[in-house]
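*Asks:* The structure that follows is given in the form of structure tokens.
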Amino acid sequence: MPPASLDGKLVARMAPSESQQAALECVAAFARARRNDALAVQEHICRMCDIPAAAMQEALTNVKRQARVALHFHPDRPSTSGETVALRLSCPPVRNLNQFIEAQVHGDVLLRQDVDALFADPSFQGTETGGVLLELCERYQVELRWHHGFRLSPEDVPRDFRGPTMPSLAERVAQSGFVDASAIGAIVRDLHVNPGAWSDRGSFDDVLQELKLLWHVLVKYGAPVRG
589 MPPASLDGKL VARMAPSESQ QAALECVAAF ARARRNDALA VQEHICRMCD IPAAAMQEAL
649 TNVKRQARVA LHFHPDRPST SGETVALRLS CPPVRNLNQF IEAQVHGDVL LRQDVDALFA
709 DPSFQGTETG GVLLELCERY QVELRWHHGF RLSPEDVPRD FRGPTMPSLA ERVAQSGFVD
769 ASAIGAIVRD LHVNPGAWSD RGSFDDVLQE LKLLWHVLVK YGAPVRG
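Numbering (the numbering used here), first residue to last: 589 to 815.
Written out as structure tokens, the structure reads:
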């Protein structure tokens, strides 16, 4: 395994543990068993789309050389300690994302060593969470980028996607007339602190699930905040 650059020095990455090695071997065996079928599909697609074999091979080589893994998490959501995920990540000795990401990663994800960039929703700019993300990226030398974001007016929330309760929830969640990632996160935190204030919509788990569904609505129907 090649060394990693850490503060200008070359530091060898740790060898995988026994369980991690077993997981890697399992994935490799799965891929090898399906290699011929995958190649047949690839060749069919290239033939139907008139893609030269050399062009496909070049694309595959570039993917192997340059591909990155994206790990998605909500920086403003409460962790098990009650602090936001972003704040927990900024406080040593917490250095990995394993408890917070929506993916399976077999081993630690070290912020300084394994992370190239952090893409955040622009609704967090100027907020406490946004400030924590800035400090976090400066500390671990990670590039912070703000993506185009999503914003949705409650009146544009449909009743036939994720259920008829979405419009009324959007009305309650919206800040300054819009639903965005930061607004949803603020309600999730309020739900943890004041669950009784939301009991008219059901149990804690019911409301939390509704908020997850509202996030789906926002991503599908929300307009970019910036071009």
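Idealized CB from N, CA, C, for every residue including glycine.
These figures come from a predicted structure and were not determined experimentally.
In its own chain, which residues sit with a C-beta less than 7 Å from the C-beta of residue 810, not counting the 5 before and 5 after it?
*Replies:* 738, 739, 740
*Asks:* So, with DSSP's three-state summary, where would you put residue 707?
*Replies:* strand
*Asks:* Kindly indicate which three-state DSSP category residue 742 falls into: helix, strand or coil?
*Replies:* helix
*Asks:* Answer with buried or exposed for residue 691, where buried requires no fewer than 16 other C-beta atoms within 10 angstroms of its C-beta.
*Replies:* Because the pLDDT at residue 691 is just 49, under 50, the model does not fix this residue reliably, and the point stays unresolved.
*Asks:* What residue range does the beta strand (DSSP E) around residue 734 cover?
*Replies:* Per DSSP, residue 734 belongs to the beta strand (DSSP E) from 731 to 734.
*Asks:* Under a three-way DSSP split, which group does residue 798 fall into?
*Replies:* helix
*Asks:* Where does residue 762 fall in DSSP's three states?
*Replies:* coil
*Asks:* Mapping the DSSP letters down to three states, classify residue 781 as helix, strand or coil.
*Replies:* helix
*Asks:* Alpha carbon to alpha carbon, how far is residue 637 from residue 630?
*Replies:* Residue 637 and residue 630: Cα-Cα distance of roughly 11 Å.
*Asks:* Hey, would you say the C-beta of residue 666 is under 7 Å away from at least one heavy atom of the ligand GDP?
*Replies:* Annotation note on the ligand GDP: not contained in the displayed structure, which lists no ligands.
*Asks:* Quick one: what does DSSP say residue 811 is sitting in, helix, strand or coil?
*Replies:* strand
*Asks:* Please report how far the alpha carbon of residue 781 lies from the alpha carbon of residue 670, in whole angstroms.
*Replies:* Computed Cα separation, rounded: 9 Å.
*Asks:* Is residue 735 buried or exposed, if buried means 16 or more other CB atoms sit within 10 Å of its CB?
*Replies:* Looking at its Cβ environment, which holds fewer than 16 other Cβ atoms inside 10 Å, residue 735 is exposed.
*Asks:* Which partner residues does residue 666 have in the DSSP bridge list?
*Replies:* 672
*Asks:* In this structure, what does DSSP give as the bridge partners for residue 767?
*Replies:* 740
*Asks:* Would you mind giving the Cβ-Cβ distance between residue 804 and residue 750, rounded to the nearest angstrom? I have them listed as a contact below 8 Å.
*Replies:* About 6 Å; that satisfies the 8 Å criterion.
*Asks:* I need the straight-line Cα distance from residue 716 to residue 728, nearest angstrom please.
*Replies:* 19 Å
*Asks:* What did DSSP end up calling residue 804 once you bin it into helix, strand or coil?
*Replies:* Looking at residue 804 - three-state DSSP - the assignment turns out to be helix.
*Asks:* Using the Cβ count rule (16 or more neighbours within 10 Å means buried), how would you classify residue 792?
*Replies:* It counts as exposed.
*Asks:* Starting from the C-beta of residue 678, find all residues in its chain whose C-beta is less than 8 Å away, skip the five residues before and the five after it, and write them out in chain order.
*Replies:* 720, 723, 724, 727
*Asks:* Rounded to whole angstroms, how far is the Cβ of residue 745 from the Cβ of residue 758, which I believe are closer than 8 Å?
*Replies:* 4 Å
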